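Participant:
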Amino acid sequence: MHSYTRAEARQRGKLFRKGFRQALADNVDPALERRIQAIDQAAAERGQRELNALHNVRETDRNRVAQAKAAVRTSSREDKAAARQALRDAEQQLRRSERAVNRAESQ
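What follows is the structure, encoded as structure tokens:
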């Protein structure tokens, strides 16, 4: 996964267009390719950190769902409705975090 900042995306686009023009003239500057690779590497590292953070959020949400299920099972009759609502909220948050992870992994 790559996570380009706006400035990096803009700069990479300019460098790519410049490299394309140079390729048409059959005279590509190696420094240009190194700059593009440096931008790609920084974006890949940032993307990996973001993906790891999303995985951590998903694990935290899974633990919250498990705790909410345990709370439903152990709650008294009067507290069961509130515990069920907390479980629904935790499951909804887990679905959101799983969707975010899936979107990030598919890019």
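Following our numbering, the numbering of the sequence shown begins with 1303 at its first residue and continues without gaps. For every residue, glycine included, the Cβ atom is placed at its ideal position computed from N, Cα and C. Because the structure is a prediction, the values reported are computed rather than measured.
Where does threonine 1362 sit, in a helix, a strand or coil, going by DSSP?
Facilitator: Helix, per DSSP.
Participant: Write down the C-beta distance between leucine 1396 and arginine 1364 rounded to the nearest angstrom, noting that I regard them as a contact closer than 8 Å.
Facilitator: Leucine 1396 to arginine 1364, Cβ: 6 Å. Contact.
Participant: From this set, Met1303, Ser1399, Ser1305, which residue's C-alpha is nearest leucine 1356's C-alpha?
Facilitator: The residue with the shortest Cα to Cα distance from leucine 1356 is Ser1399.
Participant: Roughly how many whole angstroms lie between the Cα atoms of aspartate 1381 and arginine 1360?
Facilitator: Roughly 27 Å between the two C-alpha positions.
Participant: Please confirm whether alanine 1345 and tyrosine 1306 have their CB atoms less than 8 Å apart.
Facilitator: Going by C-beta atoms, alanine 1345 is nearer than 8 Å to tyrosine 1306.
Participant: Work out the CA separation of arginine 1314 and glutamine 1394 for me, nearest whole Å.
Facilitator: Their Cα atoms are separated by approximately 38 Å.
Participant: Considering Cα atoms alone, identify which of Glu1310, Gln1409, Asp1328, Ala1372 is closest to glutamine 1343.
Facilitator: Ranking the options by Cα distance to glutamine 1343, first place goes to Glu1310.
Participant: What separation, rounded to the nearest whole angstrom, lies between the Cα atoms of asparagine 1358 and valine 1367?
Facilitator: The alpha-carbon atoms of asparagine 1358 and valine 1367 are separated by roughly 14 Å.
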